[in-house]
Ligand SMILES: Cc1cc2nc3c(=O)[nH]c(=O)nc-3n(C[C@H](O)[C@H](O)[C@H](O)COP(=O)(O)OP(=O)(O)OC[C@H]3O[C@@H](n4cnc5c(N)ncnc54)[C@H](O)[C@@H]3O)c2cc1C
Ligand SMILES: NC(=O)c1ccc[n+]([C@@H]2O[C@H](COP(=O)([O-])OP(=O)(O)OC[C@H]3O[C@@H](n4cnc5c(N)ncnc54)[C@H](O)[C@@H]3O)[C@@H](O)[C@H]2O)c1
Ligand SMILES: Cc1cc2nc3c(=O)[nH]c(=O)nc-3n(C[C@H](O)[C@H](O)[C@H](O)COP(=O)(O)O)c2cc1C
Ligand SMILES: [Zn+2]
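Residue numbers (the numbering used here), protein chains in the order written: chain A, 11 to 998; chain B, 190 to 276; chain C, 165 to 353; chain D, 18 to 436.
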């Protein structure tokens, strides 16, 4: 028994006991505790195992940098691994489990790695496990992988919700310690919009942990009152439990708010976490400083912690870390800790310091051992004693203790100032890396800028806030505070490590990187700080080296005979602390991963029993099963046959539709298609082929001339957005002098294809105008009245199916009514609704191409459209580059039809084409099938294929090869039109 | 810069409202220009370290094509103009 | 000729309605209303054309309609109900030669969002700074809302309107309900 | 015995001596005034080129000049995926050659780079994607690579935790290449560096090439931050900086530099065994031997030389990730970073001579050049040594853009950010 709860003091509420469990064992803490402080109060010193050697570990910090006390919380979908016990607010029912140990935290087999450690030095795996070659994957790697990682995550989907939000402010203050509070109190006096963010559950930062006074109030009380004042200010928004995790261009910050991570019962109406994107005109970094551990033999035993953390446990959480506490400190923090311990009646057995003189303002009872270091420690699962070495004499003595507070100085928390690529600068005077020069409205203040005294921090925060606001035109005077004089906070020379340590001297506690590993890295040539990091993994654990990086730099500097300045830091990267996928995903999850586009004929199709398929963002009706039909093929065959024999109606609303106006509209369209459009008469539609500037086909569709200066273009569903953007580029960037205006009307119109020999008869019953072949010939395009002028629609005589066909567009809201009307009018004419599957069959039977063929690598010539390409037009997109030799080469893949030799056999798209008897090799590859289907009209499978010299090989027998399914059948190349090659039905 | 673009028509907007097209310093050659010139236009890029002009389309805004002058190292945006207005 | 009565169904027909995140309508921080009877016109003018905005302004003023600038030379005109034919004809007449007038009543869906928490909720979707001095009543802008493009208008301090492509309306509607739950939301369409 | 030759025994013997006898993995030489071959860029491709020049072609008077520290470019920041699941004739034989080299690499260069053939699975979500993968899988088989087309049930049996049920874009199946997998990226650089160094190659770090000196239409050497260094032949393997370096010889390239981000999660016990890519968004993921989930997505989209990314792209990646594996929701992302890639106009690389006789170019690797490292090094060494392209890299010509022989896997056309 060593750590215990003090009977009074602290910011916990002793009237609110809270039950929780650790590794299944019921324990109790108080409201205001963290999981860490509650564990410590219960004398749970052993809280985790390290990554590599499975060393027993205890709490090292009281904050975000904690490398040891990582636990798993929750069950199933709420399983949360690697959670820092120091950041978890204690709440009822909390269950935490330790990690990376088996079978238990107390008895962990993995600890054997510690004994093998001479063989497991940095990078040992790069040097071995290579023989026999097959053993790596079968034997060695599985073992290594098993040992990898810390926590065990769950595959079960998360039941909770997340969201994202934007926030905008004039001044963002990151951190609500004295510096941040002073900044906020100053800014609150202005009219500027201020956001104050702190990752803690209580605002105040170090004020909550220290025994100083501000304005004659105890620091914590001052903080509480400041919050009351700030909460009342209308221009200040306070985000607590919110960590700013990344700083991005333009002063945009990512911040993670833990909305419901501290509650026992989750409110379903609220997210558990919210990810903020904060856009700030100015930002003040008031994130404070991190205390550095000391590197000495056995510096990782449970019971040892940072001196500042000890003060936090004492002062904020009312927990004594032990009964006989020793201090090992370079600089003032240790002395203050000793004072606070003694003030709480805790015995301080010794203060060990490498400094030569003792701290004069310390008046306590502890034995002061100056000019000395700790060479080694004893105890396994808890600290038992120290070996103290006197620097002058080299003599050693041992000392019993059950806790040790250490401090190697402070490192400003500069991460966010470095995320945009700036490097921190080493300062000998501060013995620390200071933030880079301020940029783009981000400036560090207080502890984060290496400002040591409380008074100076308060002043710095206020001054910088006033300056930042001044830059924005909000003048305000700085808030003033009175403080006690703190002790002269000078930094002694840095003390990087104890030479000749007894036992491992850890630098990176989580990844178990110790002094010797860094030495080995230097000896082997991995001496650049970035190489040393990668070779030893120092700083790469979940704490990202918050405690270890600067020490590693100091050690590398000594090993290479340079200074930390020369060694420099590794790159600071988002995230400051890790962020869940859930938070970064927000509400864009499940069905809302991408929005769903709903066709105006969706409900109509649904009503008629359609099955749907995702096509881009749309759900498209793909077939309409009828009772008694056993599989989709049966329905599709029926639909396709019915269209050819009678009539069908199909939703084509998803096509892109672009309205084009302007006196140069015709010229414009003539330039964006490779075929001619200037002479398209009003009232007519034409198929257009659109190339990219590099000569390959981009998209196709029909464009109708509705008036002299008014066109209506359709695009494929997939490229609707892209084509509009492309056209806008052409009109705004390439030819701004042309008078053209473009706008998407895709959503204004419900569009349906009515196809089949009876199509005209059916439509004639609803269309007011004469649509006889004479009055409305193939490719006619006109506005029409419907049902006695009730509404106006647009009718186009175009056909994808090869049948006598029309496309009718009506204002979207009328789509369902019109489609229903057509269905019932068509009943006597045998009409059927048909979906995209039948549509596909019908178009393959006619050899019509889609993006299965137009895949960005084909030219008009490849598809047999060579003659469409205008030879006369002086200019159109793609004209020149299409002439390149490679695009005109005769051995390009070109479109042909394909069918099985034996009609009973079938093949699939993606099969390749080989010569008969040719071995299946790349050299013999002639091409591949792009589209295939069962043709109910012909009674066998048909396809389209891209084949080298394809059109010249028509009539030849080939092999259709699908090695993925070990299939290989004989086929014949044929014309790509399987039905009505003369197009008679079309013109009927 | 890369997080926010000040559209001359819409004001400050986040990157995801835009579609980026690439180099805006090249000019479409005359239709009579030879293949070499067209090849350079379609393919060859300065790709500068430093100031770079780039086409950004305000897809989820005014749908105008903009020319963004940006530093490719610092990501600072120097200028945003309407592409049509520049032509 | 068949005797069929053709009637229109709005894109939000059948969308989710009722109270979400609260059981008491009076505590709802957000009210979501689909305005399904709107007439929505799009106006396109060539870059050089002058006076279009003024003419539109005058017309919407007289009609009690709303004007939503959508980009250079590009506006939406929104009317709560079908304006009289003569008035529409007058409008198209004044615009003749200056701008094209296009019916987008079916292509866009108009959703009204209001309530004391409205800016907090909308900030979950758009990056536009919705503080009143930045985005004042009467201001309107096209923007990205979540993953959906939409035209956002502040009608009054706590009343906004979203104009969205009709095919996205249902998806947006559902997202708005999710975003509004924490404040309590009442939705009707 | 040679204590510097890596083996279980040497690890053991060295350990007994307190690991004091390990020497540098490579020397830190001062540059000589002249080399037969100078290679610009100490990334994977430059180091591999030097290694194979020495080992396969007997050319050892070689220097690799690296402006930063060894491996500080994309070799040190990629998502470690190797595979040969390419579609086009110009590509597939080359990547298959590379995969074969990976398979024997560690024994070859005596360094355990943890080549791990854990399988690469590309999911598909529509018939069109299935057809495209069928075409691709068959193309792979024709070139002697392995490929399998899995249906939904087979995918489910293999990776049961994918979002099969709530998905916006249901998974229909996947294309699996079992021989694909991952390799410990840094170790590849180190292994090649050590192998090259032991064969006499000078690897010179902190040596930035600032100019290319020419005389009579030939390269005579390079200006560097460490002074002029003469050379008989010069090979550029500067990856994301290809255009900058080529400009020094007045060569304009069909390349833009773009930033691609990658991510690693906190360390987890085994979670994902394979490399899995999403078909309904940009996302791919695997788990490192240390336990971190390593993943990435699409490029940020704008030209950049800053090795850092944009928050919008980060969120985009996470959204796709959670869509593909709902169980990722509570897993935390530890770190994100960016690399600068040379995105070419057709998405495929260039290994070719230039119009300057003794200047060779290796560039345009986009986001896929890690897997190419061994073959790229071999083929570049072949080109430099023999002045003739290696047969598997014959299509990677610089003039293919002008002549129209593009190698455009996804049909994106001449817009680099679409590849
Ligand atoms: C985030 C990310 C993920 C990726 N994931 C994958 C993946 O999973 N699979 C895959 O196959 N590929 C992947 N890639 C691509 C792959 O990393 C690169 O294609 C490949 O590493 C490039 O070749 P390299 O290793 O030679 O490049 P680099 O390592 O970048 O080497 C080029 C070197 O040239 C140096 N240099 C540049 N200019 C000069 C100069 N003037 N003087 C001296 N030296 C100079 C640079 O400092 C650099 O070290 C990824 C890339 C990124 C950025
Ligand atoms: N070297 C030193 O700087 C040093 C040394 C010893 C003591 N001190 C004392 O420490 C205090 C420093 O005050 P301060 O206000 O600068 O720091 P602080 O440590 O009091 O406050 C920093 C606050 O920032 C928060 N924070 C840190 N990173 C964050 C992030 N990314 N997102 C959100 N919140 C984050 C922390 O939770 C904390 O509340 C002074 O009292 C000073 O005397 C400083
Ligand atoms: C495959 C891979 C795995 C990585 N794993 C880790 C990791 O476990 N911890 C970590 O901190 N960084 C990890 N990183 C990221 C590196 O720390 C570093 O960010 C990256 O190599 C880019 O370098 P830079 O950030 O120094 O620019 C990993 C990187 C790669 C490529
Ligand atoms: Zn805009």
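C-beta: ideal position from N, C-alpha, C; glycine also.
Keep in mind that this is a model prediction, so the values were computed, not measured.
Beta-carbon contacts of residue i that lie in its chain and below 7 Å, excluding the five residues immediately before and after
i	result
residue 652(A)	658, 840 and 842
residue 501(A)	341, 419, 440 and 441
residue 607(A)	627 and 628
Distance between residue j and residue i (C-alpha atoms, nearest Å)
i	j	result
residue 50(A)	residue 95(A)	11 Å
residue 455(D)	residue 168(A)	Lying outside 18 to 436, the shown extent of chain D, residue 455(D) is not represented and no answer is given.
residue 598(A)	residue 254(A)	22 Å
residue 329(A)	residue 321(A)	9 Å
residue 432(A)	residue 231(A)	37 Å
residue 378(D)	residue 195(A)	60 Å
residue 307(D)	residue 163(D)	28 Å
residue 727(A)	residue 791(A)	20 Å
Proximal residues to residue i (C-beta, below 6 Å), its chain only, five neighbours per side dropped
i	result
residue 381(D)	272, 359, 361, 366 and 367
residue 818(A)	762, 803 and 805
residue 516(A)	309, 310 and 524
residue 295(A)	184, 426, 427, 454 and 458
Any non-hydrogen atom of ligand 5 closer than 7 Å to residue i Cβ
i	result
residue 357(A)	You won't find ligand 5 in this model; what it holds is ligand 1, ligand 2, ligand 3 and ligand 4.
Cut-off 8 Å between Cβ atoms - residues of its own chain near residue i, not counting five sequence neighbours on either side
i	result
residue 10(A)	Outside the displayed range of chain A (11 to 998) lies residue 10(A), so it cannot be described from this structure.
residue 692(A)	715, 716, 717 and 718
residue 201(A)	245 and 484
residue 215(C)	262
residue 374(A)	348, 349, 352 and 358
Pick from the options that is closest to residue i, judged by C-alpha positions
i	options	result
residue 812(A)	997(A), 771(A), 941(A) and 781(A)	997(A)
residue 54(D)	35(D), 45(D), 79(D) and 195(D)	79(D)
residue 159(A)	25(A), 109(A), 486(A) and 241(A)	109(A)
residue 228(A)	674(A), 492(A) and 733(A)	492(A)
Using a beta-carbon distance cut-off of less than 8 Å, what residues from the segment 400–433 of chain D approach chain B? Cβ contacts with chain B come from 418, 419, 431, 432 and 433.
Can you list, in chain order, the residues of the segment 347–380 of chain D whose Cβ is nearer than 7 Å to any Cβ on chain A? For the segment 347–380 of chain D, the residues whose beta carbon sits under 7 Å from a beta carbon of chain A are, in order, 347, 348, 349, 350, 351, 352, 353 and 354.
Please list the residues of the segment 233–252 of chain B that have a C-beta atom closer than 8 Å to any C-beta atom in chain A, keeping them in chain order. Those would be 244, 246, 248 and 252, in chain order.
Between the segment 249–266 of chain A and chain B, which residues of the former have CB atoms less than 7 Å from a CB of the latter, in chain order? Those would be 258, 259, 260 and 262, in chain order.
With a cut-off of 6 Å, give the chain-ordered residues whose Cβ is closer than this to any heavy atom of ligand 4. With 6 Å as the limit, the residues whose C-beta approaches a heavy atom of ligand 4 more closely than that are 196(B), 198(B), 199(B), 247(B), 250(B), 251(B) and 253(B), in chain order.
Going along the chain, which residues of the segment 748–765 of chain A sit with their C-beta nearer than 7 Å to a C-beta in chain C? Taking 7 Å as the cut-off between beta carbons, the residues of the segment 748–765 of chain A near chain C are 749, 751, 753, 755, 757 and 758, in sequence order.
So if I threshold CB-CB distances at 7 Å, which residues from the segment 200–213 of chain B count as touching chain C? Within the segment 200–213 of chain B, the residues whose Cβ lies closer than 7 Å to some Cβ of chain C are 202, 203, 205 and 206, listed in chain order.
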